[in-house]
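Asks: One point on numbering: in this note's numbering, the residue at position 19 of the sequence shown is 179, and numbering is uninterrupted. After the structure tokens below, expect a handful of questions from me.
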Amino acid sequence: MQRYMTLLKEHNIKITPQRLAIVKLMDEQGHISVRDIFERIKENFPSLSLATVYKNINAMIESDFIKELKIVGLDNKYELIKEKHSHLVCQECGDIEDIFIDTTSLTKSVSKESGFKVADTTVQFFGTCKKCAA
Ligand SMILES: [Zn+2]
Ligand SMILES: [Zn+2]
């Protein structure tokens, strides 16, 4: 838990037991929806509401500590901000994996083709994960 406390402190986020639980879960799961967070931690916080989870999530987004991940057809997921990466989305089980690939050449060909000035790139690959393919 100490690691999570340090992380929150570094981002000037007020430490509460709920926030610690959210951050720990997010770190373990990688990408998680608000509803899943709520389902997983509500036993430990009987007075917790879905609205409170949203409030905590929004506060952590504003502090640039976590970010929202929008994936077509799935609930929005949230993840801790880490090195820039793309995502592999399994269409069978909905699992999301990080993949650290260089998107520079992709960005270059897009700019060359369209004259569009690319400021940011996020790539999502849809398909079947190793577990589902087995
Ligand atoms: Zn899968
Ligand atoms: Zn990710």
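Just so it is clear, CB atoms sit at the ideal spot from N, CA and C, and this is done for glycine as well.
1. Taking the alpha helix (DSSP H) that SER265 belongs to, which residues open and close that run?
2. Got a sec, what are the start and stop residues for the beta strand (DSSP E) ILE226 sits in?
3. Which residue or residues does DSSP assign as beta-bridge partners of VAL249?
4. Using the Cα positions of LYS268 and LYS169, report the straight-line distance between them to the nearest angstrom.
5. Quick one: what does DSSP say LEU168 is sitting in, helix, strand or coil?
6. Which one or two residues does DSSP pair with ILE192 in a beta bridge?
7. Could you compute how far the alpha carbon of ILE182 sits from the alpha carbon of TYR164?
8. Evaluate ASN172 with the Cβ neighbour count: other Cβ atoms within 10 Å of its Cβ, from every protein chain shown; 16 or more gives buried, anything less gives exposed.
9. Could you say which of THR212, LYS290, VAL249 lies nearest to PRO177 if we only look at CA atoms?
10. Measuring straight from C-alpha to C-alpha, what distance separates SER271 and SER265?
11. Where do the ends of the alpha helix (DSSP H) carrying THR212 lie?
Replies: On the basis of the supplied data:
1. Walking along the sequence shown from the start, residue 265 turns up at place 105. 264-274 is the extent of the alpha helix (DSSP H) around SER265.
2. Here the question's residue 226 lines up with position 66 in the sequence shown. 226-229 is the extent of the beta strand (DSSP E) around ILE226.
3. Against the sequence shown, residue 249 aligns to sequence position 89. Beta-bridge pairing links VAL249 to ILE256, PHE286.
4. The residue labelled residue 268 in the question sits at position 108 within the sequence shown. The residue labelled residue 169 in the question sits at position 9 within the sequence shown. C-alpha of LYS268 to C-alpha of LYS169: approximately 38 Å in a straight line.
5. Working through the sequence shown from its first residue, we reach residue 168 at position 8. Reduced to three states, the DSSP call for LEU168 is helix.
6. Taking the first residue of the sequence shown as 1, we reach residue 192 at position 32. BP columns for ILE192 point to TYR238.
7. Position 22 of the sequence shown, counting from 1, holds the residue named residue 182. Position 4 of the sequence shown, counting from 1, holds the residue named residue 164. Whole-angstrom Cα-Cα distance: 10 Å.
8. Counted from its first residue, the sequence shown places residue 172 at position 12. Counting the other CB atoms within 10 Å of its CB gives ASN172 a total below 16, which places it among the exposed residues.
9. The count along the sequence shown starts at 1 and reaches residue 177 at position 17. Closest option to PRO177, Cα to Cα, is THR212.
10. Numbered from 1 along the sequence shown, position 111 holds the residue referred to as residue 271. Numbered from 1 along the sequence shown, position 105 holds the residue referred to as residue 265. If I take the Cα positions, the gap works out to 10 Å.
11. Counting from 1 along the sequence shown, the entry for residue 212 is found at position 52. 210-222 is the extent of the alpha helix (DSSP H) around THR212.
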